[in-house]
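For reference, the structure discussed in these notes is given below.
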Amino acid sequence: MAEVIDALLRCVAVVAVFMVFPLVVGQMEHKAMAHMQSRVGPMKAGGFHGWAQLVADGVKFVQKESIVPTAADRKVFELAPAVALVPYLLAMLAIPLGPFFGQGNLIGQDLDLGLFFVLAAMSVGVLGTLMGGLGSGNKYSYIGGMRVAAQLMSYELPMVLAAASVAMAAGTLSLVGIANEWEPWWLVAQLPGMVVFFVAGLAELQRPPFDAPLADAELVMGPLTEYGGMRFAMFLLAEYAGIVVLAALTTVLYLGGWAGPFSDDIGWLWTLVKVMAVSFLVIWARVAYPRLREDQVNSLAWKVLVPVALAQITLTTVLVVA
Amino acid sequence: MTYGKGLLQGLAVTWRNLTRRSVTAHYPDVQPDLPPRSRGVIALQEENCTSCMLCARECPSWCITIDSHKETIPATTEGGRDRSQNVLDTFDIDYSLCMYCSICIEVCPFDALHWSPEFAYAEGDIVDLTHDMNRLREWMWTVPAPQALDPGAEPAKELSAWQAKQAAEDAE
Ligand code: SF4
Ligand code: SF4
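Listed in order, the protein sequences are those of chains A and B.
The first sequence: position 302 = 639 (our numbering), numbered continuously.
The second sequence: position 164 = 172 (our numbering), numbered continuously.
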């Protein structure tokens, strides 16, 4: 009985985090992006500096009609948003938040293969966008879907290589294990890997400047062209959940997770602070950089990120063996 | 070392903006701080207008409609001559056509037209943007007193013309 309650509690907690964090990041994006462009962003909804803007958006999305184009592949089209969203929920299950006032580690489920699991889940999430692109029966969506596929193939490799380098250094695939093994000098030794991982993660989430598949000016949001209402909202939520997962992974793998003063008590806070800082970087990149052209997207992956990731792995091997 | 410089500049520019105050004007919570001589709406001092039609004829977009009739003012003295006077019936400005060029105001010889800084007269239907003389007269109350020139501005044409004339007369 106690086990069931424990499992239920963990699930509820993970779902709560899943519902709240992407919204917080979304709100941060609204506000940070606005101020970076000398604007103020939402000010009305909720009264104080538009804090309820995303809630209002959500209410609006719920009210919208749900349309499936006649040319669309109905099943694929309807399933795509769920395929995009659910994997990130699963990924959050396996990401540790850190010690909570000496109560052990805050985590949905500590998996031995945590890193592998999370990376796999992130790639499945991208498949949702791909399905949306190919199932919409729309040429813009189709081209977008093709770009998603190309991008997924290109960036999967450097991302996994970079993550493998950390796993090798820590000697474990468990996320808790990796964060426990982390030492400050990794910040330098694993820096190229971290950059590769972060950039590849951005590309995999199709966040600007890697949003060539969405490219609203040329492809009219690509795979999302035909989506509206709740389904579109699910894609949006998936995007922000993706940011949270990417930021959390970067934190756990490269920034030491909950490492920091008094980490036995407030380790979880340190993780949150770092996650928010990395999320801010994601937003900053969106505001500061223009979109990469499709060929630039791919040449960046194959000509820069893959070699750097390989070099990082070599370096890590030398350091581990030495 | 030019490679990657643009990347850093992008971050620098956005960070600078983030740390500075935004430039957003919070209208309607805060009323805008309009510069002097703002062209908000054209006000009509109906009493000054002689229905001379100059403004209507000069208006490039033909958005002023004037209609008037003559009224006779009986002679005040015995055997004197009756005088006639134009009385406005209609003076409409169609703000859906007006391009705020100020030509009508420049051309009016009797100072009947003035710029008012009022700008909030949007309507739900485009035909409602035609305002009649009663409305234009009401806007007269919002016309500010003549405002001082900006520092460094060239002096008013009337003034410089008058000074030139004085100088020419002195020289004679
Ligand atoms: S401002 Fe120009 S366009 Fe408008 S009514 Fe006067 S003359 Fe016509
Ligand atoms: S130019 Fe002046 S006086 Fe003549 S009709 Fe127009 S507003 Fe009246």
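Using N, Cα and C, we set each Cβ at its ideal position, and we do this for glycine too.
According to DSSP, which residues form a beta bridge with Asn94/B?
The count along the second sequence starts at 1 and reaches residue 94/B at position 86. Asn94/B pairs with Lys78/B.
Would you say the beta carbon of Met107/B is closer than 7 angstroms to some non-hydrogen atom of ligand 1?
In the second sequence, residue 107/B corresponds to position 99, counting from 1. Yes, ligand 1 has a heavy atom inside 7 angstroms of this Cβ.
Three-way DSSP call (helix, strand, coil) for Thr73/B in this model:
On the second sequence, position 65 is the one that residue 73/B refers to. DSSP places Thr73/B in strand when its eight states are reduced to three.
Give a yes or no on contact between the segment 443 to 459 of chain A and the segment 383 to 396 of chain A, applying the rule of three or more CB pairs nearer than 8 angstroms.
no
Test: His367/A CB closer than 8 angstroms to a CB of chain C
Here the protein chains are A and B, and chain C is not one of them.
So which residues on chain A does Asn25/B lean against when the C-beta distance must stay under 8 angstroms?
Position 17 of the second sequence, counted from the first residue, corresponds to residue 25/B. Ordered by position in chain A, the residues that pass the 8 angstroms Cβ test against Asn25/B are His372, Met373, Gln374 and Ser375.
May I ask you to report which of helix, strand or coil DSSP gives Trp595/A?
Residue mapping note: residue 595/A aligns to position 258 of the first sequence, counting from 1. Of the three classes helix, strand and coil, the one that applies to Trp595/A here is coil, per DSSP.
Taking the alpha carbon of Val135/B as the point to measure from, which residue in Leu15/B, Tyr103/B and Ser59/B has its own alpha carbon closest?
Taking the second sequence and counting its residues from 1, the one referred to as residue 135/B is at position 127. Ranking the options by Cα distance to Val135/B, first place goes to Tyr103/B.
Find the residues of chain B that neighbour Ala382/A, judging by a C-beta separation of less than 9 angstroms, and give them in chain order.
Counting from 1 along the first sequence, the entry for residue 382/A is found at position 45. Chain B residues near Ala382/A: none, gap ~15 angstroms exceeds 9 angstroms.
In the DSSP output, what is Thr150/B paired with across the bridge?
Counting from 1 along the second sequence, the entry for residue 150/B is found at position 142. Answer by DSSP bridge pairing: none, since Thr150/B is not bridged.
What's the gap between the Cα of Ile81/B and the Cα of Leu157/B?
The count along the second sequence starts at 1 and reaches residue 81/B at position 73. The count along the second sequence starts at 1 and reaches residue 157/B at position 149. Taking the straight line from one Cα to the other gives about 42 angstroms.
Using 10 angstroms around the beta-carbon of Ala646/A, count the other beta-carbons present and answer buried if the total reaches 16, otherwise exposed.
As a working mapping, residue 646/A is identified with position 309 in the first sequence. With 16 or more neighbouring CB atoms inside 10 Å of its own CB, Ala646/A falls in the buried class.
Give me the residue from His139/B, Gly48/B, Val31/B and Pro68/B with the minimum Cα distance to Ile111/B.
For the purposes of this step, residue 111/B is taken as the residue at position 103 of the second sequence. Nearest C-alpha to Ile111/B: Pro68/B.
Mind checking which residues open and close the alpha helix (DSSP H) that includes Ile515/A?
As a first step, residue 515/A must be located in the first sequence, where it is residue number 178. Unbroken alpha helix (DSSP H) run through Ile515/A: Leu512 to Glu518.
Hey, is Val624/A's beta-carbon within less than 8 angstroms of any beta-carbon in chain B?
Reading the first sequence from its first residue, position 287 is the one you call residue 624/A. It does; some Cβ of chain B falls within 8 angstroms.
Identify every residue that forms a DSSP beta bridge with Trp523/A.
Along the first sequence, read from residue 1 onward, the residue named residue 523/A stands at position 186. The partner list for Trp523/A (beta bridge, DSSP) is empty, contrary to what the question assumes.
Less than 7 angstroms between the CB of Pro68/B and some heavy atom of ligand 1, yes or no?
Reading the second sequence from its first residue, position 60 is the one you call residue 68/B. It does: the Cβ of Pro68/B is within 7 angstroms (strictly closer) of some heavy atom of ligand 1.
Is it the case that the Cβ atoms of Pro418/A and Val513/A are separated by a distance below 8 angstroms?
Looking up residue 418/A in the first sequence gives position 81. Looking up residue 513/A in the first sequence gives position 176. Cβ distance not < 8 angstroms, so Pro418/A and Val513/A don't count as in contact.
Below 8 angstroms on the Cβ atoms is my contact criterion, and I expect Cys71/B with Ile101/B to pass it. Report the Cβ-Cβ distance as a whole number of Å.
Here the question's residue 71/B lines up with position 63 in the second sequence. Here the question's residue 101/B lines up with position 93 in the second sequence. 6 angstroms between Cβ atoms; contact.
Starting from Ser124/B, trace the beta strand (DSSP E) both ways and give me its first and last residue.
Locating residue 124/B in the second sequence gives position 116, counting from the first residue. It spans Leu121 to Ser124 - the beta strand (DSSP E) in which Ser124/B sits, taken as one unbroken run.
What's the call for Asp37/B, buried or exposed, on a 16-neighbour Cβ count within 10 Å?
As a first step, residue 37/B must be located in the second sequence, where it is residue number 29. With fewer than 16 Cβ atoms within 10 Å of its Cβ, Asp37/B is classed as exposed.
By the 9 angstroms beta-carbon criterion, what residues does the segment 607 to 624 of chain A contribute toward chain B?
Trp621, Ala622 and Val624
With a threshold of 8 angstroms between beta carbons, is Gly18/B in contact with chain A?
Taking the first residue of the second sequence as 1, we reach residue 18/B at position 10. For Gly18/B, the answer is yes, since a Cβ of chain A falls inside 8 angstroms of its Cβ.
In this structure, does DSSP put Leu656/A in helix, strand or coil?
Against the first sequence, residue 656/A aligns to sequence position 319. The answer is helix: DSSP assigns Leu656/A an H, G or I state.
Short check: CB of Ser375/A to CB of Gly566/A, under 8 angstroms?
The count along the first sequence starts at 1 and reaches residue 375/A at position 38. The count along the first sequence starts at 1 and reaches residue 566/A at position 229. Cβ atoms of Ser375/A and Gly566/A: not closer than 8 angstroms.
When you compare each of Ser92/B, Glu86/B and Gly12/B to Ser76/B by their alpha carbons, which one comes out closest?
Numbered from its first residue, the second sequence carries residue 76/B at position 68. Considering only alpha carbons, the answer is Ser92/B.
Measure how close the beta-carbons of Gly470/A and Ala409/A come, nearest whole angstrom, since I'm counting them as under 8 angstroms.
Locating residue 470/A in the first sequence gives position 133, counting from the first residue. Locating residue 409/A in the first sequence gives position 72, counting from the first residue. The Cβ separation is near 11 angstroms, so there is no contact.
From what residue to what residue does the beta strand (DSSP E) around Val557/A run?
Counting from one through the first sequence, the residue named residue 557/A turns up at place 220. That residue, Val557/A, is in no beta strand (DSSP E); it is neither H nor E in DSSP.
Does Phe569/A come out as helix, strand or coil in the three-state DSSP assignment?
For the purposes of this step, residue 569/A is taken as the residue at position 232 of the first sequence. Three-state DSSP puts Phe569/A in a helix.
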